[in-house]
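Worksheet: the structure to be examined is printed underneath.
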Amino acid sequence: MILGKDIQPERKLYYLGAIVLEIIRNAPEKKLRFFDIFQELKQQENISMNLFSLTLDWLFLLGAINNNEDGIEICS
2 MILGKDIQPE RKLYYLGAIV LEIIRNAPEK KLRFFDIFQE LKQQENISMN
52 LFSLTLDWLF LLGAINNNED GIEICS
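Using this note's numbering, the first residue of the sequence shown is number 2, and each one after it goes up by one.
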């Protein structure tokens, strides 16, 4: 799932994680709510809710994002 030899890099966590980080970076307040990120990502990529949740979990475990009351933001 993270790395593979298939020909669909758009289904990999690295690729989707990079898009999620870019979506958050481009937000006016540099943070967004869960479903707002999903809606923006869904416009760019055909992604399921399960794969989206897995992508956010992966970014959280890496320490790349943080979730609080105000929304999901990039860790500095």
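Just so you know, even glycine gets a beta-carbon here, dropped at the ideal spot from N, CA and C.
The model shown is predicted, which means the values in this text are computed figures rather than measured ones.
Name, in chain order, the residues that DSSP records as bridge partners for residue 72.
Sequence index remark: in the sequence shown, residue 72 carries index 71 (1-based). Partner(s): 69.
Please report the residue range of the alpha helix (DSSP H) in which residue 25 lies.
For the purposes of this step, residue 25 is taken as the residue at position 24 of the sequence shown. 14 to 26 is the extent of the alpha helix (DSSP H) around residue 25.
Comparing C-alpha positions only, which one of 55, 46, 60 sits nearest to residue 22?
Position 21 of the sequence shown, counting from 1, holds the residue named residue 22. If we check each option's Cα against that of residue 22, 60 comes out closest.
How should residue 14 be labelled, buried or exposed, when 16 other C-beta atoms within 10 angstroms of its C-beta is the threshold for buried?
Numbered from 1 along the sequence shown, position 13 holds the residue referred to as residue 14. By the beta-carbon neighbour count (other beta carbons within 10 angstroms, threshold 16), residue 14 is buried.
When DSSP builds the beta bridges, which residues end up paired with residue 32?
The residue labelled residue 32 in the question sits at position 31 within the sequence shown. Partner(s): 74.
8 Å CB neighbourhood of residue 76 in its chain, flanking five on each side removed
Position 75 of the sequence shown, counted from the first residue, corresponds to residue 76. Excluding its 5 nearest sequence neighbours in each direction, residue 76 has C-beta neighbours in its own chain below 8 Å: 64, 65, 66, 67, listed in chain order.
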